[in-house]
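If you're matching positions, the first sequence starts at 30 in our numbering and goes up one per residue.
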Amino acid sequence: MAVINSVHSGPEHSPERSPEQLRELLSGDARKVAPLLLGSVLSHNSHEGTVSVRITELEAYMGPGDSLHPDPGSHTFRGPTARNAPMFGPAGHLYVYFTYGMHYCANIVCGPAGTASAVLLRAGEVVEGRHLAQVRRPTSKSPRDLASGPARLATALALTTADSGRDALVEPFGLRLPSAPARTYSSGPRVGVSGDGGSADYPWRFWLPGDDTVSRYKAAKVRRP
DNA sequence: TACGGGATTGGCT
DNA sequence: GCCAATCCCGTAA
């Protein structure tokens, strides 16, 4: 199955935003917000130290209410639950879930409170605290692998379900947009999403073309009878 | 209560 | 490229 890539241009905007200005910006549709977050840096300060990751790949997930057509690939497709509650909350907060019995994946919530919209942080480059990230990710063979993949990124930043619902825009976290937004970016089908949600009808994966931390495209595992 | 599958990763062939 | 690991969540009964 061919991967459909397309290149878009993004608008220019200025840097230096307060948490509340950032929250306002994130309060839009995740599909519009995702490209703006390419190149942004998410930080986490813990007692171990600080790790910061420059985001190079994202996926948008929508809720049952505000999207034009429902998103069958989203955890919120069938409505609110205890797990996905943060996705219905205010923008700028984290939604972290546990999967495959061993991995955590982190989203930044988008859209106004009451709607479910979020961006999954799929990959990035560790730009601060590389040593600590390597300690947290002992199986990583090169700096490029430290946060190349959603569960790897969450591990490098030490994000777990305990952080789900917390505000990513204030201490101990922090988000900084690039001084200038990505001039170009690519988009295509989301990775590992089974059913219609993973089809070309939902080209809601966004990445920085040519960045070597971007994960390889992989279709969802096909269910066999 | 029970069951099926998962927004993945890393090791092995 | 293939597949095991490992357990939580959502759905059905």
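Each residue gets a CB set at the ideal place from its N, CA and C atoms; glycine is no exception.
> So the alpha helix (DSSP H) S222 belongs to, where does it begin and stop?
Replying inline: Translated into the one-based positions of the first sequence, residue 222 becomes position 193. What sits at residue 222 in the sequence shown is Val, not Ser. From DSSP, V222 is part of no alpha helix (DSSP H); its letter is neither H nor E.
>> Which of the three DSSP states is assigned to P40 in this structure?
In response: As a first step, residue 40 must be located in the first sequence, where it is residue number 11. Here P40 scores only 45 on pLDDT, less than 50, and its place in the model is too uncertain to base an answer on.
>> How far does the beta strand (DSSP E) with R234 in it extend, from its first residue to its last?
In response: For the purposes of this step, residue 234 is taken as residue 205 along the first sequence, with counting starting at 1. R234: member of the beta strand (DSSP E) spanning R234 to W236, first to last residue.
> Which whole runs of the beta strand (DSSP E) in the segment 106-139 are 3 residues long or more, in chain order?
Replying inline: 123-128 and 132-138
> Residues in its own chain within less than 6 angstroms of G158 by CB, not counting five upstream and five downstream?
Replying inline: Here residue 158 refers to the residue found at position 129 when the first sequence is read from its first residue. Here the set comprises G78, T79 and V80.
> If we call anything under 8 angstroms between Cβ atoms a contact, is R165 one with A187?
Replying inline: If you number the first sequence from 1, residue 165 lands on position 136. If you number the first sequence from 1, residue 187 lands on position 158. Contact flag set, yes.
> By the 10 Å Cβ neighbour count, where 16 or more other Cβ atoms means buried, how is S38 classified, buried or exposed?
Replying inline: One-based indexing of the first sequence puts residue 38 at position 9. Note that S38 scores 45 on pLDDT, short of 50, meaning its location in the model is unreliable; the coordinates nonetheless yield the value given after this. Residue burial annotation: S38 is exposed, with fewer than 16 other C-beta atoms found within 10 angstroms of its C-beta.
>> Mapping the DSSP letters down to three states, classify H76 as helix, strand or coil.
In response: Within the first sequence, residue 76 is the residue found at index 47, counting from 1. Correct three-state label for H76: coil.
> Looking at the structure shown, is R195 part of a helix, part of a strand, or coil, going by DSSP?
Replying inline: Position 166 of the first sequence, counting from 1, holds the residue named residue 195. Coil at R195, not helix or strand.
>> Strictly by DSSP, which residues pair up with A183?
In response: Against the first sequence, residue 183 aligns to sequence position 154. Paired residues: none, contrary to the question.
> Does the beta-carbon distance from E154 to A176 come in below 8 angstroms?
Replying inline: Residue mapping note: residue 154 aligns to position 125 of the first sequence, counting from 1. Residue mapping note: residue 176 aligns to position 147 of the first sequence, counting from 1. Against a cut-off of 8 angstroms, the Cβ pair of A176 and E154 comes out as a contact.
>> Taking the straight line between their C-alpha atoms, what separation do you get for P48 and V138?
In response: Locating residue 48 in the first sequence gives position 19, counting from the first residue. Locating residue 138 in the first sequence gives position 109, counting from the first residue. Cα to Cα, P48 sits roughly 14 angstroms from V138.
> Measuring CA to CA, which of E45, D240, P93 and S171 is closest to R67?
Replying inline: Counted from its first residue, the first sequence places residue 67 at position 38. The question names Arg, but residue 67 is Leu in the sequence shown. Nearest option by C-alpha distance: D240.
> Got a sec? Which residues, its chain only, sit under 8 angstroms from S35 by beta carbon, not counting five neighbours each side?
Replying inline: Translated into positions along the first sequence, residue 35 becomes position 6. Here S35 scores only 46 on pLDDT, less than 50, and its place in the model is too uncertain to base an answer on.
>> For R151, report the span of its beta strand (DSSP E) as first-last.
In response: Reading the first sequence from its first residue, position 122 is the one you call residue 151. It spans S146 to E157 - the beta strand (DSSP E) in which R151 sits, taken as one unbroken run.
>> Am I right that L198 and V148 are in contact with their C-beta atoms under 8 angstroms? What's the rounded C-beta distance?
In response: Walking along the first sequence from the start, residue 198 turns up at place 169. Walking along the first sequence from the start, residue 148 turns up at place 119. Rounded, the Cβ-Cβ distance is 14 angstroms, inconsistent with contact.
> For V32, which three-state DSSP category applies?
Replying inline: As a working mapping, residue 32 is identified with position 3 in the first sequence. Below a pLDDT of 50, predicted positions are generally treated as unreliable, and V32, at 40, falls in that range; the measurement from the model is reported next regardless. Three-state result, V32: coil.
>> Let me check understanding here. Comparing Cα to Cα, which of P99, H98, I84 and S103 lies closest to Y90?
In response: Taking the first residue of the first sequence as 1, we reach residue 90 at position 61. Y90 has its Cα closest to that of S103, out of P99, H98, I84 and S103.
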